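A short worksheet on the structure shown next.
Protein chains in written order, with this note's numbering: chain A, -2 to 235; chain B, 5 to 181; chain C, 981 to 1162; chain D, 1407 to 1969.
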């Protein structure tokens, strides 16, 4: 384990060589907004919200998958970054039907919270208004594809924490969809263990406990980190 | 409602395996998987073979592949739907693939496609209700030198016009309806 | 300085935002000293006047009347504020957009025929019942909007914060807990 | 197999040459015009004329002038040929040959006459070409390894294994100045060096034959015409970087290329030119084919590797680069077809020879697929730095039917449209990127005055939207919105504010997308906006309901718009 020294937003930071920019920043108390990242689950760098500027690199880099290096100069906030982050959010809001007023996750939604943080007071792009299904066939949980942002957190926890592989992404592009098994009603899945980790992982109101109504759906994300730490490090930190 | 759905939840595998045992195509498919040592990374090759044998990838077939390769069904389905080449629905007796590559496009492939769509009464990606013709588009078949090209039942045909395309289609349907 | 001419309008929405406006309570009295409310559901004016300084628009743009009025408002108003989630995002009224093409017809059938307890039939009186737009729009997709005040409904203190800034000629900023959907 | 065996095969093959060779194009373009029928008819005609001992009918790869196919050319050796041979040794070239023409063509070998349309091998379309990659194309029989060996095939691999260290091979490639022919133009030698340096017990070499640009068929032609040159290049690369396993990732849309590759790999294995102990050295190298399944994004190297692993072809962020951690997390070298096809000639003729061709920063030649509104469509290979005008006007013959060239599109959906007044631009990596386009893999689509540029931009955007893998938001949702805005513009419903929105999105998608597909998706819009902005502006409608002049409440109201 070798340490690396870098600066993040002008602040001197030291981090292990295996650390990502996001981890180094979080340790140093610097907040980088994220969306597809989830503590305890491996990162995919898909949502592009955590993009940061690194001196000497022309491209913007995702903080969640980019490793620190010696002498790296990172900027996590700039007018340009804020503009791009806000646009990314607007694209998401326009893509499917995120109607906060009638959402189980209203008030407990990472997408919504991010919109507030980034000052997104309206969406400049035309709403697509697709018609996606709501899958209510599972005895315990529901899935509203209209609220899905395809971050694939549920897929990752289902594969890598629970190990069941029930969830995956089907199709591609804007027609991508989270599926259970062979794209069958969730309630008919042969592999779902009903563990509920996907529901815990979901940042929006797409996956929810049955019976939750508007604004009721809170999640306990620390559970996931707890399981992973217990499994990998044999440390049970409740 | 949940109860009725859950009552449907049952292991489909035994039925599929039983059905497969009586179908030679499954044997050929399994031999192909064996050739690849049932490795996970052979999934796409196996799907190619399955589609070649069965014409399209229906759920039972995907489940059979998942079982034999020891992969989650969701992974097999995710891969099968990612790639354009795989189709989960049966195709018509004839297939007509209009190349919509740039060269074909600037030379009027859009007009050829429009003419076929109007004649057959279907959109690209669909099959006529009588199951005679499936109409598809391709993202460049690399026949740009002879644009616009259309592939009729696997035969690349050069320099198509709405008229030549309709002639071909009418030949398939037997009469010009 | 002259008293500012302020208007509020109610397009396709539930009037909840206007209820919230009324919740301004004693601030309404303060307002009354500074502004003339020239057009509003709570004022009996038939025609949207010229030279309005500020207009709060509640609701989504659902039918041809909404659109016509909104365009007139834009032409005659200096500062247009999208007032509440329906105006900002099209919100609940826009759920019919998900039904795709011809959704206008299918919602009318559902409301006036399938759901009718008596006299089923879609009302279509030219000049009286405005035709629905094929697609419900948030206000800014129809005309330019100067400021956005989301919320379902926006609570009175937020309305107050925005109004105070706008009336002072400043650019209102909704920050932190002031910015909220739903 | 050793060098003597190789030479023996070559000599035997050369000695077996008959007096006349009828080369008949059997690439996909000509096959679709029934060149198979032509070849069979020619064989029959030769038999009927009793000329079997004098005439060979050889199916060859692409003969380049695709628009005039099927093409047949007659070569003669020795004195006293009855057919006319030009000063440079070229025999007559026949175009649009049908099976019915076969008898009269064969009759010319006995002094007869034919009315079959003659092509002109002295036309600039042919004479301005300089063939390195396509040197064998149209000459060797792609289905017989002996034919390739007779054209000095596998000599370079032998020399590399026997006489050069891996380091020397890489140095040669570095010195040649070869840059990746897949689009971005990364220096090939540098890439090889990185893979070679990364310590790992297992390394891979991948040939990217997922030629996805709509309007490009160079790689297909190379694979169909000269598959062994690619295998040889890959084997040399594997030796240089220390890999023992290779993959060729080829599109399912190219069945002929796939079957010829399968044949070529089988033959090379039989001769001990692939497999274990190549040329009886300790070097082992296997090549497996991977058939793509229709996903443009798999041309992106990390997506391609995911696909080779049998997964959904979604890209992942780089770093780590494939050279350090690629296929199955091992160091992986990925080059495209044309890059590999350049390797054996570089080894055979030397880095200096290669570096002497082209421009200062872009060495060697480039193959282009010339298509669209142009008289001579087909395949060309020209030295880097050749002006676009030479390509499209002198060689391509300009727009057909008296039309005027308006723009040339290069780089496919990742590239841009170069306007006619920039036709004097030399074709090299830097010049094209200065014009907002890219070299790309070599598709060159000519557009004439009837082409609407906004429509072209929408065409490419629709392509990118359909091909987006959906993993990252800017590409997945941004292309949808850009496509929507272009539709709105074309429907004459957009205002200047919509155009601004489009430009802002272009900038955002380019800078924030995860992989090359998204990062370059805005290019066709940006380049048409740059050179054909007026076409966009002409489609806009007045912003009647736009912002008021000052937008402040306290200030005096602006005059109401006159409505």
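For each residue, glycine too, the CB sits at the ideal point set by N, CA and C.
All of these numbers come straight from a predicted model, not from anything done at the bench.
Residues of chain A with CB under 8 Å from residue 133 (chain B), in chain order?
Listed along the chain, the chain A residues whose CB falls inside 8 Å of the CB of residue 133 (chain B) amount to none; the nearest CB is some 24 Å away.
For residue 1030 (chain C), the nearest candidate out of C:984, C:1153, C:1122 (CA to CA)
Here the closest residue by C-alpha is C:984.
Listed from N- to C-terminal order along the chain, which residues in the segment 24 to 37 of chain B have their beta-carbon within a distance smaller than 9 Å of any beta-carbon of chain A?
With the criterion set as a beta carbon lying under 9 Å from some beta carbon of chain A, the segment 24 to 37 of chain B has no members that meet it.
Can we say the segment 1494 to 1503 of chain D touches the segment 1470 to 1477 of chain D, given the rule of at least three CB pairs closer than 8 Å?
Contact holds: three or more Cβ-Cβ distances are below 8 Å.
Got a sec? Which residues, its chain only, sit under 8 Å from residue 1966 (chain D) by beta carbon, not counting five neighbours each side?
With a pLDDT of only 36 at residue 1966 (chain D), under 50, the local geometry of the prediction cannot be trusted, and the value read off the model is given with reservation. None.
To the nearest angstrom, report how far apart residue 167 (chain B) and residue 1859 (chain D) are at their CA atoms.
If I take the Cα positions, the gap works out to 27 Å.
What is the rounded straight-line gap between the Cα of residue 1912 (chain D) and the Cα of residue 1618 (chain D)?
About 22 Å.
Three or more C-beta pairs under 8 Å: does that hold for the segment 983 to 999 of chain C against the segment 125 to 141 of chain B?
Contact between the segment 983 to 999 of chain C and the segment 125 to 141 of chain B is absent, because fewer than three Cβ pairs lie under 8 Å.
Cβ-based burial, residue 1543 (chain D) [other Cβ within 10 Å; buried from 16]:
Residue 1543 (chain D) comes out buried.
Beta-carbon proximity of residue 1105 (chain C) to residue 1054 (chain C), cut-off 8 Å:
Cβ distance not < 8 Å, so residue 1105 (chain C) and residue 1054 (chain C) don't count as in contact.
Starting from residue 1633 (chain D), follow the alpha helix (DSSP H) in both directions and report where the run begins and ends.
Where residue 1633 (chain D) is concerned, the enclosing alpha helix (DSSP H) stretches over 1633 to 1647.
For a cutoff of 8 Å on Cβ pairs, would you count residue 146 (chain B) as touching chain A?
By this cut-off, residue 146 (chain B) is not an interface position.
Might you give, ordered along the chain, the residues of its own chain that have their beta carbon closer than 8 Å to the beta carbon of residue 1710 (chain D), omitting 5 neighbours on each side?
Excluding its 5 nearest sequence neighbours in each direction, residue 1710 (chain D) has C-beta neighbours in its own chain below 8 Å: 1612, 1614, 1616, 1655, 1704, 1719, 1740, listed in chain order.
7 Å Cβ cut-off: residues of chain D touching residue 1124 (chain C)
At a beta-carbon threshold of 7 Å, the residues of chain D lying near residue 1124 (chain C) are 1951, 1952, 1953, ordered along the chain.
Can you tell me whether residue 1968 (chain D) is helix, strand or coil according to DSSP?
At residue 1968 (chain D) the pLDDT is 34, less than 50, meaning the model places this residue with poor confidence and gives no usable figure here.
Three or more beta-carbon pairs under 8 Å between the segment 1764 to 1773 of chain D and the segment 1582 to 1589 of chain D, yes or no?
Short answer: they touch.
Out of curiosity, what's the CA-to-CA distance linking residue 1138 (chain C) and residue 1064 (chain C)?
Residue 1064 (chain C) has its alpha-carbon roughly 11 Å from the corresponding atom of residue 1138 (chain C).
Less than 6 Å between C-beta atoms, sequence neighbours within five positions excluded: which residues of the same chain meet that for residue 205 (chain A)?
Here the set comprises 101, 139, 214.
Can you name the start and end residues of the alpha helix (DSSP H) that residue 307 (chain A) belongs to?
Residue 307 (chain A) is absent from the structure shown; chain A starts at -2 and stops at 235.
How many angstroms separate the CA atom of residue 115 (chain B) from the CA atom of residue 165 (chain B)?
Inter-residue distance for residue 115 (chain B) and residue 165 (chain B) is about 8 Å (C-alpha atoms, whole angstroms).
Give the straight-line distance between the Cα atoms of residue 97 (chain A) and residue 33 (chain A), rounded to the nearest whole angstrom.
When rounded, the distance between both Cα atoms is 20 Å.
Hey, quick one: how far does the beta strand (DSSP E) through residue 1824 (chain D) stretch, first residue to last?
Unbroken beta strand (DSSP E) run through residue 1824 (chain D): 1822 to 1825.
Using the Cα positions of residue 1830 (chain D) and residue 1533 (chain D), report the straight-line distance between them to the nearest angstrom.
So the two alpha carbons sit approximately 20 Å from each other.
Quick one, are the C-beta atoms of residue 1701 (chain D) and residue 44 (chain B) less than 8 Å apart?
Going by beta carbons, residue 1701 (chain D) and residue 44 (chain B) fall outside the 8 Å limit.
For residue 22 (chain B), would you say it is in contact with chain E, using Cβ-to-Cβ distances shorter than 8 Å as the test?
You won't find chain E in this structure, because its protein chains are A, B, C and D.
Is residue 1968 (chain D) buried or exposed, if buried means 16 or more other CB atoms sit within 10 Å of its CB?
In this prediction, residue 1968 (chain D) has a pLDDT of 34, which is less than 50 and means its spatial position is unreliable; nothing more can be read from the coordinates.
Chain A within 8 Å of residue 2 (chain B), Cβ atoms only:
The first residue shown for chain B is 5 and the last is 181, placing residue 2 (chain B) beyond what the model contains.
Taking 8 Å as the threshold (beta carbon to beta carbon), is residue 1822 (chain D) in contact with chain B?
Taking Cβ atoms only, chain B never reaches closer than 8 Å to residue 1822 (chain D), which makes this a no.
Does chain A have any CB closer than 8 Å to the CB of residue 63 (chain B)?
Judged by the 8 Å Cβ criterion, residue 63 (chain B) is in contact with chain A.
Specify the secondary structure class of residue 22 (chain B) as computed by DSSP and reduced to three states.
It is helical.
Start-end ranges of the alpha helix (DSSP H) lying completely within the segment 1814 to 1899 of chain D, minimum 4 residues:
Here the runs fully enclosed are 1835 to 1840, 1859 to 1873, 1879 to 1896.
Beta-bridge partners of residue 98 (chain B), as assigned by DSSP:
Answer by DSSP bridge pairing, in chain order: B:137.
Can you give me the C-alpha to C-alpha distance between residue 1558 (chain D) and residue 1416 (chain D), rounded to a whole angstrom?
Linking residue 1558 (chain D) to residue 1416 (chain D) through their CA atoms gives a straight-line distance of about 8 Å.
Does residue 1713 (chain D) pass the burial test, meaning 16 or more other C-beta atoms within 10 Å, or should it be called exposed?
Buried is the call here.
Inside the segment 1752 to 1818 of chain D only - alpha helix (DSSP H) runs reaching at least 4 residues:
Taken in chain order, the unbroken stretches of alpha helix (DSSP H) that lie wholly in the segment 1752 to 1818 of chain D and span 4 residues or more are 1757 to 1761.
What is the rounded straight-line gap between the Cα of residue 1953 (chain D) and the Cα of residue 1906 (chain D)?
Straight-line Cα distance between these residues: approximately 14 Å.
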